[in-house]
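Using our numbering, the letters of the sequence shown map in sequence onto residues 5 to 71.
Every residue gets a Cβ at the ideal spot worked out from N, C-alpha and C, and that includes glycine.
The structure under discussion appears below in the form of structure tokens.
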Amino acid sequence: MKSTARDGHVDYGYVGFVRGDPQDSTRKPDLQVYVVSYGNMTRGHPRMTPGELKALAEHIVNSVRHR
């Protein structure tokens with residue numbers, strides 16, 4: 005997802021899915037993960053590039069485990 009702010013800055017977001025157990029979707033449902041950058045919150049730090057945000061989103065999705 006690409007979002008352009010009123011001031012012209014561009015932010016990005018990714019939606020990831022963690023597959024649950026199709027045989028027992030009540031105990032282990034599919035999970036949806038949102039990772040979004042908000043450049044106006046960086047306060048002196050450089051904005052994440054789309055590639056950096058995608059790598060972070062993939063790392064988060066790959067680390068999510070059902071409990």
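Next item on the list: Using the DSSP secondary-structure output, state which residues sit across from VAL22 in a beta bridge.
Entry: LEU35
Item checked: Distance between PRO33 and SER7 (C-alpha atoms, nearest Å) -> 29 Å
Notebook entry, point to check: Rounded to the nearest angstrom, how far is the Cβ of TYR16 from that of PRO54, given a contact under 8 Å?
Noted result: 5 Å
Notebook entry, point to check: Roughly how many angstroms separate the alpha carbons of ASP11 and GLY43, rounded to a whole number?
Noted result: 11 Å
Note to self: In this structure, how does DSSP classify SER7 when only helix, strand and coil are distinguished?
What the structure shows: strand
Notebook entry, point to check: CB ARG39 to CB LEU60, shorter than 8 Å?
Noted result: For the record, residue 39 in the displayed sequence is Val; it is not Arg. Cβ distance < 8 Å, so VAL39 and LEU60 count as in contact.
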